[in-house]
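Residue numbers (our numbering), protein chains in the order written: chain A, 3 to 416; chain B, 58 to 373; chain C, 492 to 924; chain D, 57 to 312.
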């Protein structure tokens, strides 16, 4: 609503024939994610990150002398609305699209951008994907105009199973996932990778439940308990995770939890309620309490600007910093020029300075993966959702140990 | 297996009673006013959120009393200044009004509390396992929810059997066409019934909030199930609503317990054609996976074989 | 007995059986066709063409919904099912024929969607139309949930939550049309939109169309003039499915992606909003609604985080005070224009509008400030409205908002009453003259 | 019964008709034959079951037991529209029209089935000359031509009652059931209505419920008296007047 009324005039002239051309000295970046309705807070966080980084870059003289300009476009997490918003962004002169929430939206944008570039000669629209993790995006649907900065399902499972490999107490594993493509991807890769790395582990259950429809997970927890599992692997997120953990706490289920999204909003609160100290692990590209100097400084500056929003997306920093570097190397902010520089680029991870690289074959970033557990933290350390509990690293998997093959058949322009 | 059966049964009955707390109010409102309140689950959600907000400042127990009262007052306001205005435009307009209300209430809740689950805690006095059976604990709060639902159910029956308004409600349930002949204070009775009805939904919300989840989509998740309950039970039948509530509660929890698919029963699909790929989806789906779809399937089947619902006695 | 009618003088306008002149009959459609033809030349930006493509699709969808709600009095909460199934079938067919294998050009593919909509309309209609009224509404709600949930389970066909994607340029091409450029898709949609609108309008003017109106008004009486209302409802439901399917097919050609969200409850709700806000009592109502709602849907979200709330409030107030929607409000002015009284009433409208807008400003301040205090608190309490910066927790803005809302509302109600009286007086005056 | 000596064929036959709602028996075994071409009135005190009897004949209710025959064919248990298609049309005691449709549309809709257009959704209704002429004819009969484009809900009460009759006429039925056509009308309006009914029932069989005894004795060829769900007498007006049972049970109390 900061924009309310101020942008009324702009919106009313949307039907005006001429699009506003991008001025010569700004690089327009369109951020297409939910910015209205209940999911707005999640999208807003990403937008805050982008604006923060853009301001930092601009303060240091910009990219090749050009200023970065970030504009938000509300996609209401709807694939078709996203496409109209991307069209709007293109009309307004943006060539770089940032998006992350929802693989269905991500795939829609990836396809749209690819088709748009091939159907409109001279158009070079680039899709910077900071969070959509459907493996299809860098496999069968891979595109030259798409770069993925988050570790996808398979990569994270590779890291997770490499960690579990060395945990002898894990003997019976129960899989519970949401009944949609992401959940199935988690379950399928878990089964195949565990079988390969720890053939002695018994999979005692492989359960799928409807997506965001279950209000009481007690029956599922009863099943897990009956199976005798000592470990549960789940890709659940949001309320499906929170409710699962809540039900487990109520029934006194004592197992280890390996998760993808325990750190997402609502997760830490549920874990603390259930009292699962040190029992819940998450696998991602970075957490707050890694004590890595440069990251801590940036975090401090960021939290000074956005006071009550400490949640950090290291991958947004990685994506923006790598893009800026590619632009500088190419001395151009046209994606046609700097995309080749982004391919194969090596870079230092924002989280811990570890090495990461953008694989040219499928435009998937490989980066150090942190395995962390949540529990009470001492003062001075970052806690989550004011619970007094925070994430602590229990293992780091180097980028080179997370490499998975790709089926991508990259079609390059020209 | 025995423990799964046991816990499924207990969970199913708890869930069913919760459904009935809401379905009873919905049924009485429908019988009296002829309007199916599509926003009923939204008032359940309001109950949960008000209960949550009050519990943060005053504790759970004041919330259990105050939240339903606030919701009842809001409900009466909605009836007095909203529904009554729309009434002259007919039933479709009334339905659309309550439909619009679900939309607005959801957006209001999202505006104030966001889309993520809020941290609605079980009161400490009930935060212990009520009993442990088959090495699984059953939380005391859920047991409390079950007992509270039963107590309210009994109290409601008492009110309906013993009071004047109860008699009117009873008359309305059996002879809906007579409601128009109730005389000059029918407006006030409508307002009261609507208030009490949504107040009951709010009680369900306060009980379900900590036990399940308090989130802006809870109305959207429960609403359709609730309407299935009243249609399957038979529109306007309190007894039918009771049976259907328990039935759907049990069906949903028991379905989760079974991982049987058509493939398990008949063997995998043999053919290797493109069609078999699609068929395989249906073939390998387990009962547990389709659990949330079952109520709707039940709805369709009931309507084919018994269009008036289990215990309904009127067409529409 | 036919001589009785000859003795009575027929009043003006009484149906004479003479066919209307070609200009009257075809004129509006020719104008509409020309309009559709030149629109992309006037609004030529990529965004406006994309937006018009969505609008064209939604016009068909909203009109098909009005075959139920407005024409037959059937309130369905699951209409998007047919839109979605039509879209999925079209997309699957396109993928099957990709690479120019099939002989059919892209232009006829929406028909696949239409047929799918019709077939599923027949199947679900057989169940749903056994009942009317509230029970019908609940069954459609159930069918909607059933199909959407099943779509997530049957991943092979529906492609899970990401849906299935297609490439429209892969279809057999004729006349050198690749349908790569959006403007070609625009003309495809515009063509189908025109044909569908004409067809749906024509249906309202057939024996069946009129019986639908009768069923809406008084289903019981329809039984006693020889009609089976279940059959009437069933045909209406199936035909509505057909057109919704065409709209779905166009959507999947336009976006080249179809996912289960397009057939969910939100989409079914949005078509209700479109039809109702536009006006269900008038054939053109849903067209207006589709245009307005699509525009607001795409543009309003840039203005306010909580635009959907405004949307809901608009809908509720229309149900309460303007049950015939925008078209109804416009139609109310027609007798005034005919009687030359509009200009005498117009000042009263302005008089009512000004405090109304003031009250709206107050309401929107309260909404936006509440939002700033709750959800957006992480971004600080400072906010700007109409170029004025203030803090959401300060007393003055709240006071201002309450005064604006209360004062504007009070004056608005009064002025509205005056406007109503002026309208009534003008109608009487017009009749006397 | 003395129907045989009327000499006509039976248009409508009720045989042992019963209807109960729960434990309450509303119609307790009615036997009645309506002869083709006659004007037959059913009278009786309030609550005698007259309207229920009409609902049974027209298919609105399903009888608990007994048979109904239309032109010798059994129609028991058929739905209202099936009965209508076999040539029986009715009006309602409480005005039952299409309030939002114009008078013209009201009548036109009622003619469509009988004219054979059924569920036709491909022909322009305004182009159907036979429907137009038929509609116009009926509007002429019920004197509503002037009001043709007014929404039916906005008509004066007496006009709505006339339209109600018009709807029954429009389906071109041989047998008309009119349920209290004069209810709530002024004396002048009633006179009008009597003439209308007389006119439209030429060449038709008429069965009507009416409270106005003047109308009944003026219009009806035969009268049946329904008391507590039973026909206690069925005869010509003169003999009904003289019937001691009727005097005692009905006329003595209602008509002084």
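Heads up, the beta-carbon is just placed ideally off N, CA and C, and yes, glycines get one too. Here the structure is a predicted model, which is why all the values come from computation and not from measurement.
In this structure residue 97(D) is in contact with residue 272(D), their Cβ atoms being roughly 5 Å apart against a cut-off of 8 Å. From the beta-carbon of residue 72(B), the residues of chain A found nearer than 7 Å are 218.
Counting along the chain, residue 129(A) sits inside the beta strand (DSSP E) bounded by residues 128-131. For residue 849(C), the CB contacts under 6 Å within the same chain, skipping 5 residues up- and downstream, are 895, 899 in chain order. In this structure, DSSP gives residue 627(C) a helical state, which the three-state scheme calls helix.
Rounded to the nearest whole angstrom, the C-alpha separation of residue 604(C) and residue 570(C) is 14 Å.
The DSSP assignment places complete beta strand (DSSP E) segments of no fewer than 3 residues inside the region 376-407 of chain A at 391-399, in order along the chain. Residue 209(A) has a beta carbon lying within less than 9 Å of a beta carbon in chain B. The three-state reading of DSSP puts residue 149(D) in coil, since its state is none of H, G, I, E or B.
Of all C-beta pairs linking the region 96-110 of chain B to the region 271-278 of chain B, three or more are shorter than 8 Å, placing the two stretches in contact.
Under the three-state reduction of DSSP, residue 251(B) is assigned to helix. Taken through DSSP and simplified to helix, strand or coil, residue 268(D) comes out as coil. Counting only the Cα atoms, residue 677(C) lies some 13 Å from residue 597(C). Out of 617(C), 740(C), 845(C), the CA that lies nearest to the CA of residue 582(C) is found in 740(C). Interface residue (Cβ-Cβ distance to chain B less than 9 Å): residue 271(A) is classified as such.
Shown here, residue 195(B) sits in a strand according to DSSP, grouped into three states.
In its chain, beyond the 5 residues on either side, 351 have a beta carbon closer than 6 Å to the beta carbon of residue 308(B). By the neighbour-count criterion, in which a residue is buried when 16 or more other Cβ atoms sit within 10 angstroms of its Cβ, residue 919(C) is exposed. Residue 172(B): not part of any beta strand (DSSP E); DSSP gives it neither H nor E.
Per DSSP, reduced to three states, the secondary structure at residue 96(D) is strand.
In this structure, residue 694(C) sits away from residue 168(D), with a CB-CB distance that is not shorter than 9 Å. In terms of Cβ geometry, residue 253(D) and residue 219(D) do not form a close pair [threshold 9 Å].
If you check the CB distance, residue 397(A) and residue 165(A) come in under 9 Å. Within the same chain, and ignoring the five residues on either side of residue 111(D) in sequence, the residues whose Cβ sits closer than 7 Å to its Cβ are 117. Membership of residue 683(C) in the alpha helix (DSSP H) is indicated by the continuous run 673-695.
When secondary structure is reduced to three states using DSSP, residue 211(A) falls in the strand class. About 5 Å separates the beta carbon of residue 401(A) from that of residue 370(A), a gap short enough to meet the 8 Å contact definition. Between residue 129(B) and residue 252(B) a beta carbon distance of about 4 Å is seen, short of the 8 Å cut, so the two are scored as contacting. The DSSP assignment places complete beta strand (DSSP E) segments of no fewer than 3 residues inside the region 256-317 of chain A at 258-261, 282-286, in order along the chain.
Pairwise C-beta distances place the region 769-785 of chain C in contact with the region 548-556 of chain C, as three or more of them are shorter than 8 Å. Listed in chain order, the positions of the region 173-193 of chain D with a beta carbon within less than 9 Å of a beta carbon of chain C are 173, 174, 175, 176, 177, 178, 179, 180, 181, 182, 183, 184, 185, 187, 188, 189, 191, 192, 193.
With a cutoff of 9 Å on beta-carbon distance, residue 174(B) and residue 244(A) are scored as near each other. Neighbourhood of residue 220(B) in chain A, by CB distance below 9 Å: empty, with the nearest CB roughly 34 Å away. Between residue 278(D) and residue 94(D) a beta carbon distance of about 6 Å is seen, short of the 8 Å cut, so the two are scored as contacting. Annotation for residue 170(D): no beta strand (DSSP E) segment contains it, and DSSP assigns it neither H nor E. In this structure, residue 117(B) places its C-beta atom within 9 Å of the C-beta atom of residue 178(B).
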